[in-house]
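Novice: The sequence shown begins at 10 in the numbering used here and counts up one residue at a time.
I have a structure here, written as structure tokens, and I will follow up with some questions on it.
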Amino acid sequence: MTNELKQNEEKQKENTERKEKKARYSVRKNGKVNKNKREEEKVAQQEKENITSKKKTNTKLKRKEKLDFNFKKSNLKIIPLGGLQEIGKNITVFEYEDEIILVDCGLEFPGDDMLGVDLVIPDVTYLVKNKEKIKGLVITHGHEDHIGAIPYILKQINIPIYATQLTISLIKNKLEEHKLTQTTKLYTVKQGQTIKFKQMQVEFINSNHSIPDAVMLAITTPVGTILHTGDFKIDYTPIDDKVIDLNRIAELGNKGILALLSDSTNSERKGFTMSESSVGEVFDRLFLNNSKRIVVATFASNVHRVQQIVNSSIKYGRKIAVCGRSMMNMIDAAIELGYIKGAEDVFIDIDNIKNYSDDQLVIITTGSQGEAMSALTRMANGDHKKVTITSNDMVIISATPIPGNEKYVSKVIDELMKIGAEVIYSSLEDVHVSGHACQEEQKLIITLAKPKFFIPVHGEYRQLIAHAETAKKLGIEPKNIFIMSNGRTLELNENEATLTTSVPNGKVLVDGLGVGDVGNIVLRDRQHLSQDGLIVIVVAMDSNTGEIISEPDVVSRGFVYVRESENLMDDIKKVIYEEIRKCEENHITDWSTIKSNLKDTLRDYIFEKTKRNPMILPIITEV
10 MTNELKQNEE KQKENTERKE KKARYSVRKN GKVNKNKREE EKVAQQEKEN
60 ITSKKKTNTK LKRKEKLDFN FKKSNLKIIP LGGLQEIGKN ITVFEYEDEI
110 ILVDCGLEFP GDDMLGVDLV IPDVTYLVKN KEKIKGLVIT HGHEDHIGAI
160 PYILKQINIP IYATQLTISL IKNKLEEHKL TQTTKLYTVK QGQTIKFKQM
210 QVEFINSNHS IPDAVMLAIT TPVGTILHTG DFKIDYTPID DKVIDLNRIA
260 ELGNKGILAL LSDSTNSERK GFTMSESSVG EVFDRLFLNN SKRIVVATFA
310 SNVHRVQQIV NSSIKYGRKI AVCGRSMMNM IDAAIELGYI KGAEDVFIDI
360 DNIKNYSDDQ LVIITTGSQG EAMSALTRMA NGDHKKVTIT SNDMVIISAT
410 PIPGNEKYVS KVIDELMKIG AEVIYSSLED VHVSGHACQE EQKLIITLAK
460 PKFFIPVHGE YRQLIAHAET AKKLGIEPKN IFIMSNGRTL ELNENEATLT
510 TSVPNGKVLV DGLGVGDVGN IVLRDRQHLS QDGLIVIVVA MDSNTGEIIS
560 EPDVVSRGFV YVRESENLMD DIKKVIYEEI RKCEENHITD WSTIKSNLKD
610 TLRDYIFEKT KRNPMILPII TEV
């Protein structure tokens, strides 16, 4: 029994060990052995952690996707500070978040009502306020209405300038005059090159205009590409053989252009603008078998026109003398940079023209707009120190009058003809072609660019409207066309564009060394003085009694000639006595009040007697 019990115990023990072993090691159906429970628990824990980690990751991803879904890019702001509904002072702000790029910075020439004013520049109050955002000033070309205000703006905001070679040279000359070369960074950019800023970049695209090195600008922003044409025309036979890069415009159009800002100057003119090379053919014809001295007046900046004059002069054996400081500076710069070719021996000093016969000479001069102090105007008036116009001169005015200058140009033509000179101008011969695109060229740019939004720029209101009508005919939706005004902000993104707030803008007048110190009140006074003149009233009064102790003195300037109007002067003195007596009776002793009463009474009296309204300036001296 004892053995049996012993055997049973051993058998139970073996069964227990077998069960424990079976519990530790079980066989899978596929024949592979699982790990022990501890390892299984470890694996299970690891899997649990992995699942938790995946959940967290998924949660993060979902959150990120949610954020991405709700994320909205900032709008691009386009703010013209000048150049819209006017000719001149072109400057446009492109602003994205904390970054501003400026395009052009030009001036405007004063109108007839801006007496004594030299220049008009844009109001840059908004830029001064946001100067820390400004990354650069990008220039399309070197005309005054695009670069003329730069020295004045740089005195308020020091910013780097990016432009092509000739444009940089012209800007440098201006900075030297204002002693700003040491403090201003200038960067020369080639056509086809791209400059990169933090969030925006600008590509320079070769264009055609009436000055070399003109470019269009492709401004890439986070919301899309903006194409700014600058001033342009499409010239298939340009003088420098640099044809506008239509291929690049088409490439950008195929990729997608969000907005197009396009030159509207000639938007009312149908057809195409003639090639600059056509003027050279007319010059050749006028130079052929001509025994007269030839005087050509044109814009100093029209280097291609000067090149054609050089070509015809060389062809027909003539020397060239230059009149006008701006013309001399421009030609010197163009020759130095290689924009005028074949000029090594053709130019002579103006002082040496007496050494050549008339049929051996050409004189290039400024004054194509009839400016009062220009070289051509002084020649026409007979007071030029070095050139005297005679009946053996042919004067070619190779330009068209800027709107507002027609009467000045006509006067110069009349004076030249009175002398006996032969005068050739655009109404008689094709001696000038525009540097701006007409309707068919504008259509081509719009068609190639295929913009979502269209903004006509650079023109009077009627020109902007005409350009907008052209865009409508090409299929751009009216709601996507914006006729803007200076200071108004256009905010846009990939989907929409909206006109929003306005920023400070306007005209800042430059008079001599004064910038902005001549305002509307000063202009009004100048106009008043120019129209009706001035009367100065000087009254000496007793400091104790307030009585007039001597006869008032009346001084007239630009109103009437005193010696021929003695009766009127006597009557004015009587009015003065009477008004001061009334002040005494009413116990008025304040000098400012007495002066005000004198002005009011005299103004009414003088207008009743003369129907004129001169400025009245009372002066009271205490004795």
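Glycine included, each C-beta is placed from N, C-alpha and C at the ideal position.
Near residue 32, which residues of its chain fall below 7 Å by C-beta distance, leaving aside the five closest residues on each side in sequence?
Specialist: Here residue 32 scores only 47 on pLDDT, less than 50, and its place in the model is too uncertain to base an answer on.
Novice: Work out the CA separation of residue 334 and residue 496 for me, nearest whole Å.
Specialist: Using only the alpha carbons, I get a separation of about 35 Å.
Novice: Where does residue 340 sit, in a helix, a strand or coil, going by DSSP?
Specialist: Residue state, collapsed to three classes: helix.
Novice: Give the DSSP-derived three-state secondary structure of residue 386 in the structure shown.
Specialist: Looking at residue 386 - three-state DSSP - the assignment turns out to be helix.
Novice: Go through its chain and collect everything with a Cβ distance to residue 117's Cβ below 6 Å, but skip five positions before and after it.
Specialist: Counting only Cβ-Cβ distances below 6 Å, and skipping sequence neighbours, we find 97, 98, 129.
Novice: Taking only the alpha-carbon atoms, compute the straight-line gap between residue 611 and residue 87 and give it to the nearest angstrom.
Specialist: Taking the straight line joining both Cα atoms gives about 52 Å.
Novice: Taking only three categories from DSSP, how would you classify residue 363?
Specialist: In the structure shown, residue 363 sits in a helix (DSSP, three-state: H, G or I).
Novice: Could you tell me which uninterrupted beta strand (DSSP E) segments, each at least 3 residues in length, are contained entirely in the stretch 402–472, listed from first to last along the chain?
Specialist: Complete beta strand (DSSP E) runs here, min 3: 402–406, 431–433, 462–466.
Novice: Assuming residue 165 and residue 133 make a contact with CB atoms under 8 Å, what is their CB distance in whole Å?
Specialist: Contact holds; Cβ gap of about 6 Å.
Novice: Using CA coordinates, which residue listed in 120, 226, 159, 253 is at the minimum distance from residue 210?
Specialist: The shortest C-alpha separation from residue 210 is found at 226.
Novice: Roughly how many angstroms separate the alpha carbons of residue 546 and residue 392, rounded to a whole number?
Specialist: Answer to the nearest angstrom: the Cα atoms are 40 Å apart.
Novice: Quick one: what does DSSP say residue 166 is sitting in, helix, strand or coil?
Specialist: Correct three-state label for residue 166: coil.
Novice: How many angstroms separate the CA atom of residue 433 from the CA atom of residue 406?
Specialist: Cα to Cα, the separation comes out at about 6 Å.
Novice: Please report the distance separating the alpha-carbon of residue 230 from that of residue 105.
Specialist: For residue 230 and residue 105, the distance between alpha carbons rounds to 8 Å.
Novice: According to DSSP, simplified to helix, strand and coil, what is residue 350?
Specialist: DSSP places residue 350 in coil when its eight states are reduced to three.
Novice: For the stretch 110–160, list the beta strand (DSSP E) runs that are entirely contained and at least 3 residues long, ordered along the chain.
Specialist: Entirely contained in the stretch 110–160, the beta strand (DSSP E) runs reaching 3 residues are, in chain order, 128–131, 143–147.
Novice: Grab the span of the alpha helix (DSSP H) containing residue 289 for me, first residue to last.
Specialist: 286–296 is the extent of the alpha helix (DSSP H) around residue 289.
Novice: For residue 560, does the three-state DSSP call read helix, strand or coil?
Specialist: Three-state result, residue 560: coil.
Novice: Determine the direct distance from the alpha carbon of residue 108 to that of residue 82, and round the result to whole angstroms.
Specialist: Approximately 14 Å between the Cα atoms of the pair.
Novice: Looking at C-alpha atoms only, which residue of 382, 329, 362 is the closest neighbour of residue 355?
Specialist: Ranking 382, 329, 362 by Cα distance to residue 355 puts 329 first.
Novice: Have a look at residue 516 and residue 131 and give me their C-alpha separation to the nearest angstrom.
Specialist: Roughly 5 Å separates the two Cα atoms.
Novice: May I have the straight-line CA-CA distance separating residue 290 from residue 325, to the nearest angstrom?
Specialist: Taking the straight line joining both Cα atoms gives about 13 Å.
Novice: On a CA-only basis, which of 347, 305, 245, 584 is nearest residue 617? Give me that one, please.
Specialist: Minimum Cα distance to residue 617 is reached at 584.
Novice: Pair every Cβ in the stretch 451–462 with every Cβ in the stretch 259–275, then say whether three or more of these pairs are closer than 8 Å.
Specialist: With a cut-off of 8 Å, the stretch 259–275 and the stretch 451–462 count as touching, because enough Cβ pairs lie within range.
Novice: Going by the CB atoms, is the gap between residue 170 and residue 196 shorter than 8 Å?
Specialist: Cβ atoms of residue 196 and residue 170: closer than 8 Å.
Novice: Going by DSSP, what residue range makes up the beta strand (DSSP E) through residue 215?
Specialist: It spans 210–215 - the beta strand (DSSP E) in which residue 215 sits, taken as one unbroken run.
Novice: Per DSSP, what are the beta-bridge partners of residue 91 in this structure?
Specialist: For residue 91, which the question treats as bridged, DSSP gives the partners 100.
Novice: Count the other CB atoms, across all protein chains shown, that sit within 10 Å of the CB of residue 236; report buried if there are 16 or more and exposed otherwise.
Specialist: Residue 236 should be labelled buried.
Novice: For residue 428, which residues from the same chain have a beta carbon less than 6 Å from its beta carbon, with the 5 sequence-adjacent residues on both sides left out?
Specialist: Only 398 meet the Cβ criterion.
Novice: With DSSP as the reference, label residue 474 as helix, strand or coil.
Specialist: Correct three-state label for residue 474: helix.
Novice: Does residue 175 pass the burial test, meaning 16 or more other C-beta atoms within 10 Å, or should it be called exposed?
Specialist: Classification of residue 175: buried, given that the 10 Å Cβ count is 16 or more.
Novice: Just to confirm before moving on: does the CB-CB distance between residue 414 and residue 444 stay below 8 Å?
Specialist: Contact flag unset, no.
Novice: Is there contact here, the stretch 290–305 with the stretch 497–505, by at least three beta-carbon pairs under 8 Å?
Specialist: Touching, no.
Novice: Is residue 493 helix, strand or coil when you go by DSSP?
Specialist: DSSP places residue 493 in coil when its eight states are reduced to three.
Novice: Assign residue 364 to buried or exposed, taking buried as 16 or more other Cβ atoms, counted over all protein chains shown, within 10 Å of its Cβ.
Specialist: Exposed: under 16 other Cβ atoms inside 10 Å.
Novice: Would you decide whether residue 275 is buried or exposed? Buried here means 16 or more other CB atoms lie within 10 Å of its CB.
Specialist: Residue 275 comes out buried.
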